[in-house]
Amino acid sequence: MIKDYLKKTISEKWALGHFNFSEDDALRAIIEAAAEFKTPVFVGTSEGERKHIGLKQAVNLIKAFREEFGIPIFLNADHTKSFEGVVAAVDAGYDAILADFSALPFEENIKLTKQSVEYAKSKNPEIIVEGELGYVRGESKVQKEIIEIKTEDLTKPEEAGQFIKETGVDMLAPAVGNIHGIAANAPKLYFARIAEIKKAVGDNIYLVLHGGSGMSEADFKNSIDSGISVVHINTEIRVAFTEALKETIKEKPEETTPYKILTPSIEAMKKVIEEKLKIFESINKI
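Residue 68 in the working numbering sits at position 86 of the sequence shown, and the numbers go up by one each step.
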């Protein structure tokens, strides 16, 4: 089912949104926005996020939300940096895995990613496995410093072609000038490089843009036109959550009921998510 939507992103020039969560309030904000806009959606947990919420808990929350809202929701194990982590997420029942060995030398990245693909597909032939190639700088937070992208950080199209052939991944996260988190400087995306990578991997491999927080609408549009199928947003919704929370506590210092304190934060997250879904043009795709 995931691939049905991924194929449409290519022919119809839109992108699936991928939003991270670490607790059920954030997850509800994502899914309510997606349901209102009738859009399929990826939801993800990083290694830290799934340590907080729990692998099985995340899987069961998704099952419950699917039953409640009746929309396609795909659970992704984001930035999984060990084979053991891949095994744990696959065995728990995740729909997709990012086997991220991009910090390793090229051949070692291929070896471990291929091993991850083989294990995941042996357990669930329908699972989606994503690999990462190149160096995406930054972290999932607001960074005060300027982050400079070096030419050697970028994914090489010829290596991307070799990588997908030797690993068997379904999706690829390239480094194309994107930055994790929100930096002091806006990212400078290499749209021609995205198009070259897309040409090298072909229509049946789907490109994923990480570090979507802080990008302009034009950046998203041009990236999608160049071949991006999935866009990750995390830091921007975290910021919306925490800024609203600070304001709520400031305005209502005597309030102690958690759901009353958190409601404005959930709405703030939802607003950001809705804005992104409109930009990605994934509305009314169900």
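Built from N, CA and C at the ideal position, the CB exists for glycine as well.
Going by DSSP, what residue range makes up the beta strand (DSSP E) through G113? Segment 110 to 115, the beta strand (DSSP E) holding G113.
Need the endpoints of the beta strand (DSSP E) that Y101 sits in, please. Not the beta strand (DSSP E): Y101 falls in the alpha helix (DSSP H), residues 88 to 105.
Whole-angstrom C-beta distance between L94 and F56, which should lie under 8 Å: With a Cβ gap of about 23 Å, F56 and L94 do not count as contacting.
May I ask which residues mark the beginning and end of the alpha helix (DSSP H) holding V158? That residue, V158, is in no alpha helix (DSSP H); it is neither H nor E in DSSP.
In chain order, which continuous runs of the alpha helix (DSSP H) of length 4 or greater are located wholly inside the segment 40 to 93? Uninterrupted alpha helix (DSSP H) stretches at least 4 residues long and entirely within the segment 40 to 93 occur at 65 to 74, given in chain order.
Backbone CA spacing between D201 and E148 [nearest angstrom]: One Cα belongs to D201, the other to E148, and the distance between them is close to 31 Å.
As assigned by DSSP and simplified to three states, the class of H0: Correct three-state label for H0: strand.
Given a threshold of 16 other Cβ atoms within 10 Å of its Cβ, counted over all protein chains shown, does M153 qualify as buried or as exposed? buried
Assuming Y(-13) contacts P54 (C-beta within less than 8 Å), just tell me the rounded distance between them. 7 Å
What residue from E14, D73, G(-1), E31 has the CA that sits closest to E50's CA? Answer by Cα proximity: E14.
Uninterrupted alpha helix (DSSP H) stretches inside the segment 191 to 235 (no shorter than 4 residues): If one requires a minimum length of 4 residues, the alpha helix (DSSP H) runs lying completely within the segment 191 to 235 are 199 to 208, 217 to 233, in chain order.
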